[in-house]
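Chemist: Residue 193 in my numbering sits at position 148 of the sequence shown, with consecutive numbering throughout.
We treat Cβ as the ideally placed atom computed from N, Cα and C, and that holds for glycine.
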Amino acid sequence: MKIPFVVWLLQGLPEAIGIAALMYSVAGLGFPWRSILPVGVLFGVTFYLIRWLPISFGIHTLLNFLFTIVVFRKATSCSLALAIRSGLAALVTVVIADTVFLPLFVWASGLTFEEIYGNIWLRALSGWPNVLLLLLVATLATKIHNKRLKKEPGV
46 MKIPFVVWLL QGLPEAIGIA ALMYSVAGLG FPWRSILPVG VLFGVTFYLI RWLPISFGIH
106 TLLNFLFTIV VFRKATSCSL ALAIRSGLAA LVTVVIADTV FLPLFVWASG LTFEEIYGNI
166 WLRALSGWPN VLLLLLVATL ATKIHNKRLK KEPGV
């Protein structure tokens, strides 16, 4: 499904940066924003371009997932297992957010899905709960990781 540029800029790009932040956090790397932002922008641009490809629904998700793993591993020099785990955490968070927040947005607005997606401003706004959830989960993951480090002797 193609995404209007304005929607990508206002919602898709922040969501991609949130995905990068969550991946760094799950990997135990905290929030090195000087690394997260360029990785997130690269994710966002690539996600946007992949969505324009004439491929079956769902294939773009798989391509995006594989791309995030490769780029994250290259950017952080982490193990493949850690890159996959971080990517899966981000993917599951996005799927849960889409499953919960979009129907909730439709219900709360009193509009239909088609009406929301037909208006670029509402469409961008409807994705912001996903962005906030990604950043919240990233923050919680970092706090949990930091708490574990404090408990482990000799670290």
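Going along the chain, which unbroken runs of the alpha helix (DSSP H) with 4 or more residues stay wholly within the region 112-193?
Modeler: 125-154, 158-163, 165-171
Chemist: Nearest by alpha-carbon distance to serine 101: which of Ser171, Leu180, Lys47 is it?
Modeler: Lys47
Chemist: So, helix, strand or coil for phenylalanine 76, using DSSP?
Modeler: coil
Chemist: What I want to know is whether the C-beta of tryptophan 173 ends up closer than 8 Å to one or more non-hydrogen atoms of the ligand NAD.
Modeler: The model on display carries no ligand, and the ligand NAD is accordingly not part of it.
Chemist: Going by alpha carbons, who is nearest to leucine 181 out of Leu54, Trp53, Glu60?
Modeler: That would be Glu60, whose Cα lies nearest to the Cα of leucine 181.
Chemist: Grouping DSSP H, G and I as helix and E and B as strand, with all else coil, what is glycine 103?
Modeler: coil
Chemist: Candidates Lys192, Val71, Thr187, Leu54: which alpha carbon is nearest leucine 126's?
Modeler: Strictly speaking, residue 126 in this sequence is alanine, with leucine absent from that position. It is Val71.
Chemist: From the DSSP output, in three-state form, read off lysine 195 for me.
Modeler: helix
Chemist: In angstroms with no decimal places, state the Cα-to-Cα distance between asparagine 164 and alanine 153.
Modeler: 16 Å
Chemist: For leucine 58, I'd like the list of residues in its chain whose CB is within less than 6 Å of its CB, leaving aside the five on either flank, ordered along the chain.
Modeler: Same-chain partners within the cutoff: Gly89.
Chemist: With distances taken between CB atoms, is the gap from isoleucine 104 to isoleucine 81 smaller than 9 Å?
Modeler: For isoleucine 104 and isoleucine 81, no; Cβs fall outside 9 Å.
Chemist: Any contact between the region 162-176 and the region 139-150? By contact I mean 3 or more CB pairs, one from each, below 8 Å.
Modeler: yes
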